[in-house]
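In structure tokens form, the structure reads like this:
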């Protein structure tokens, strides 16, 4: 059964012109899954170091509060371009060589960020770093391609748990390092760690498979758009991804501004540690994949989106209580990761042989949502304070929940069970 019977228009680049899927493999070892999780967590951390540092970066480089969100926005813009131009290469070239090369180039980009002497230079370096940080998604697709179909959701969940922890630890480490040695030291330290992990990856990852030369690079990129035409699951889940990531970055990007100001006046170390309140997201990620493997993807999505909407009630009470804020962050991050892993597990089952392109197409919408949330939330905060940010976040969460409900007829619960059984095509 195919969920979307539309065929690609005549003459269009077909998503079916692609390398053949991998044959069935032995279960991935725990050690290999752990390596993917660590590498993914380190790579994604590079895109999140700036969040607890926005105020000191803005002060040093003379950026206004209204425009400081562009630091995160530039990273997300680069990330979006990388998703379109780099991630699909995983369906065409040796994935091991691809991820190692991206990791090595990331070292140079991180050094560029650390040496930035002006706001313009920093924004360019951040965009390049974001462009290369998509290696995170290459790791997810790589791990999914090596996993057996019946364990794919769990493997994706495990690797995504590493990504969640990487994001959280990035904030904590960045805050502590900035208090000790300044914000530039954060990126220099990450450059060294990324170099080490690149060497480990080259030695530990299995040899890359040789892919048939069926697609040129331009046709490979064109086939990404063909996938959107042909796969309803991808279209629906990508829009949900855009909304949920816009919602979370609406919270996280401006959060440092009220916490660093009176009456809280928290240090950057404390602000970074504050992000650990979202550690429940790792639990949401690890369990959501297993639930989706059992055919419960739509129920997980509905419950998690409702939780994300409710989370803005305690978040909106920040002027009165940090404890309520912590509770709201915990709930919001749990909901985000549950939906995110469910989305990925569902789309990977639709086209197992095109996992890199599915990842790219899906995560482009993540990047769009993140860029919107980071840019709009700091602007709203500058003019409407935390109340305005909370209302914006609640509105985005409500739109996501309404959209999911409206698409149930197009992709009912029974269809997601068919996907879980590998019968969707």
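Numbering (the working numbering), first residue to last: 6 to 430.
For every residue, glycine included, the Cβ atom is placed at its ideal position computed from N, Cα and C.
- Message: Distance check for residue 322 and residue 206, CA to CA, integer angstroms please.
- Response: Mapped onto the chain shown, residue 206 falls at position 201. Mapped onto the chain shown, residue 322 falls at position 317. The alpha-carbon atoms of residue 206 and residue 322 are separated by roughly 44 Å.
- Message: Within the continuous alpha helix (DSSP H) that includes residue 189, where are the two ends?
- Response: Residue 189 sits at position 184 when you count from the first residue of the chain shown. Taken as a continuous stretch (DSSP letters only), the alpha helix (DSSP H) holding residue 189 covers 188-209.
- In whole angstroms, what is the alpha-carbon distance linking residue 74 and residue 272? Counting from one through the chain shown, the residue named residue 74 turns up at place 69. Counting from one through the chain shown, the residue named residue 272 turns up at place 267. It is roughly 20 Å from the alpha-carbon of residue 74 to the alpha-carbon of residue 272.
- Item | Where residue 240 falls: helix, strand or coil (DSSP) | For the purposes of this step, residue 240 is taken as the residue at position 235 of the chain shown. Three-state DSSP puts residue 240 in a helix.
- Item | Segments of 4+ residues assigned as alpha helix (DSSP H) that fall wholly inside the stretch 342-429 | If we require 4 residues or more, the alpha helix (DSSP H) runs fully inside the stretch 342-429 come out as 360-411 and 418-425.
- Inter-residue Cα distance where the pair is residue 43 and residue 201: Translated into positions along the chain shown, residue 43 becomes position 38. Translated into positions along the chain shown, residue 201 becomes position 196. Distance between the alpha carbons of residue 43 and residue 201 is about 12 Å.
- Query: Smallest Cα separation from residue 308: which of 324, 326 and 337?
  - Reply: Along the chain shown, read from residue 1 onward, the residue named residue 308 stands at position 303. Sorting 324, 326 and 337 by C-alpha distance to the C-alpha of residue 308 places 337 at the top.
- Starting from residue 57 and walking both ways along the alpha helix (DSSP H), at which residues does that stretch end? Within the chain shown, the letter at position 52 stands for residue 57. Note, residue 57: premise wrong, no alpha helix (DSSP H); not H, not E.
- Message: Would residue 259 and residue 394 be called neighbours here (beta carbons separated by less than 7 Å)?
- Response: By 1-based counting over the chain shown, the position of residue 259 is 254. By 1-based counting over the chain shown, the position of residue 394 is 389. Their beta carbons are under 7 Å apart, which means residue 259 touches residue 394 by this criterion.
- Within 7 Å, strictly: CB atoms of residue 144 and residue 45: Looking up residue 144 in the chain shown gives position 139. Looking up residue 45 in the chain shown gives position 40. The criterion of a C-beta distance shorter than 7 Å is satisfied by residue 144 and residue 45.
- Task: Ignore the nearest five residues each way along the sequence and tell me which others in residue 103's own chain have a CB closer than 7 Å to its CB.
- Result: One-based indexing of the chain shown puts residue 103 at position 98. Only 94, 95 and 143 meet the Cβ criterion.
- With DSSP collapsed to three states, give me the class of residue 111. In the chain shown, counting from the first residue as 1, residue 111 sits at position 106. Helix.
- Less than 7 Å separating the beta-carbons of residue 82 and residue 139? In the chain shown, the residue the question calls residue 82 occupies position 77. In the chain shown, the residue the question calls residue 139 occupies position 134. In this structure, residue 139 does not lie closer than 7 Å to residue 82 by Cβ.
- Message: Please list the terminal residues of the continuous alpha helix (DSSP H) segment that includes residue 319.
- Response: Here residue 319 corresponds to residue number 314 of the chain shown, with the count starting at 1. From DSSP, the alpha helix (DSSP H) with residue 319 extends over 302-320.
- Task: Could you tell me the boundaries of the alpha helix (DSSP H) in which residue 81 lies?
- Result: One-based indexing of the chain shown puts residue 81 at position 76. For residue 81, the enclosing alpha helix (DSSP H) starts and ends at 75-90.
- Taking the alpha carbon of residue 34 as the point to measure from, which residue in 163, 238 and 356 has its own alpha carbon closest? Indexing the chain shown from 1 puts residue 34 at position 29. Nearest option by C-alpha distance: 163.
- CB residue 412 to CB residue 350, shorter than 7 Å? Residue 412 sits at position 407 when you count from the first residue of the chain shown. Residue 350 sits at position 345 when you count from the first residue of the chain shown. Remark: C-beta atoms of residue 412 and residue 350 do not approach each other more closely than 7 Å.
- Task: Spell out whether any CB of chain B is found under 7 Å from the CB atom of residue 67.
- Result: Considering every chain present, this structure includes no chain B. It has just one protein chain.
- Task: Check whether the stretch 122-129 touches the stretch 259-268, counting contact only when three or more Cβ pairs, one atom from each stretch, lie closer than 8 Å.
- Result: As far as the Cβ criterion goes, the stretch 122-129 does not touch the stretch 259-268, which means the pair count is below three.
- Query: Should residue 414 be labelled buried (16 or more other beta-carbon atoms within 10 Å of its own) or exposed?
  - Reply: Walking along the chain shown from the start, residue 414 turns up at place 409. The residue in question, residue 414, is exposed, as its Cβ has fewer than 16 Cβ neighbours within 10 Å.
- List the whole-angstrom C-beta distance separating residue 330 from residue 177, where the pair is believed to meet the contact cut-off of C-beta under 8 Å. Here residue 330 refers to the residue found at position 325 of the chain shown. Here residue 177 refers to the residue found at position 172 of the chain shown. That pair is no contact at about 16 Å.
- Report yes if the CB atom of residue 149 is closer than 7 Å to the CB atom of residue 353, and no otherwise. Taking the chain shown and counting its residues from 1, the one referred to as residue 149 is at position 144. Taking the chain shown and counting its residues from 1, the one referred to as residue 353 is at position 348. Their beta carbons are under 7 Å apart, which means residue 149 touches residue 353 by this criterion.
- Message: Cutting at 6 Å between CB atoms, please list the residues of its own chain near residue 402, excluding the five before and the five after it.
- Response: By one-based count along the chain shown, residue 402 stands at place 397. Excluding positions up to five away in sequence, the list reads 252, 313 and 314.
- Query: If you drop the 5 nearest sequence neighbours on each side, which residues of the same chain put their C-beta closer than 6 Å to that of residue 410?
  - Reply: The residue given as residue 410 occupies position 405 in the chain shown. Contacts found: none.
- Task: Identify which residue in 191, 190, 266 and 166 has its Cα closest to the Cα of residue 324.
- Result: By one-based count along the chain shown, residue 324 stands at place 319. Each of 191, 190, 266 and 166 was checked against the Cα of residue 324, and the nearest Cα belongs to 266.
- Message: Which of the three DSSP states is assigned to residue 274 in this structure?
- Response: Within the chain shown, numbered from 1, the residue matching residue 274 stands at position 269. Three-state DSSP puts residue 274 in a helix.
- Are the beta-carbon atoms belonging to residue 333 and residue 316 less than 7 Å from one another? Taking the chain shown and counting its residues from 1, the one referred to as residue 333 is at position 328. Taking the chain shown and counting its residues from 1, the one referred to as residue 316 is at position 311. In contact: residue 333 and residue 316 (Cβ atoms closer than 7 Å).
- Item | Endpoints, the alpha helix (DSSP H) within which residue 269 is located | Within the chain shown, residue 269 is the residue found at index 264, counting from 1. No alpha helix (DSSP H) holds residue 269; DSSP gives it neither H nor E.
- Residue closest to residue 372, alpha-carbon to alpha-carbon, out of 50, 80 and 59: Within the chain shown, the letter at position 367 stands for residue 372. The candidate whose alpha carbon is nearest that of residue 372 is 80.
- Find the nearest neighbour of residue 203 within the set 306, 107, 255 and 151, judged by alpha-carbon distance. Here residue 203 refers to the residue found at position 198 when the chain shown is read from its first residue. Residue 203 has its Cα closest to that of 107, out of 306, 107, 255 and 151.
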